[in-house]
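Worksheet: the structure to be examined is printed underneath.
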Amino acid sequence: ITFMGAGSSVFAKNILGDCMRTEALKDAGIALYDVNEERLQESKMMLDNLNSNINDGRATITAHLGIDQRKKALKGAKYVVNAIQVGG
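Throughout the sequence shown, residue numbering follows our numbering, covering 807 to 894 in sequence.
The structure is reproduced here in structure tokens:
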């Protein structure tokens, strides 16, 4: 699962938290992508905690920053959530 625009931590928590509660997705690889490093790291830390608390750490969560990492974040994704804000 790739989450584009992962700097939106509330939206990421709601969507990916639901994924972690879904039996078929508990062991998913989750790639977080954003262009804002601070917001991306905040979302990753929050999702790592959520993964530990509600999912026994079963999901694998990676963070990908900036345009150069976009293709890496998308590689192998079966599902993509696009939650970007266009224009600032």
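Beta carbons: idealized from backbone N, C-alpha and C, even for Gly.
Quick one: Cα of L765 to Cα of G823, how far?
Nothing about residue 765 can be reported from this structure: the residues present for the chain run from 807 to 894 only.
Are L871 and D840 close, meaning C-beta to C-beta below 8 Å?
yes
Could you work out which residue in A883, S814, M810 is closest to S849 when comparing CA atoms only?
S814
Is G835 helix, strand or coil when you go by DSSP?
For G835, the secondary structure class from DSSP, reduced to helix, strand or coil, is strand.
What's the gap between the Cα of V887 and the Cα of R845?
For V887 and R845, the gap between their C-alpha atoms comes out near 17 Å.
Quick one: residues in its chain with C-beta nearer than 8 Å to the C-beta of M852, no 5 flanking neighbours on either side, listed in chain order?
Taking M852 as the centre and dropping the five residues before and after it, the same chain places the C-beta of S815, A818, K819 closer than 8 Å to its C-beta, in chain order.
Beta strand (DSSP E) segment containing A869, residue limits
866-871
By Cβ distance, which residues of its chain are closer than 7 Å to M826, with the 5 residues on each side in sequence left out?
K832, L856, N857, I860, N861, A865
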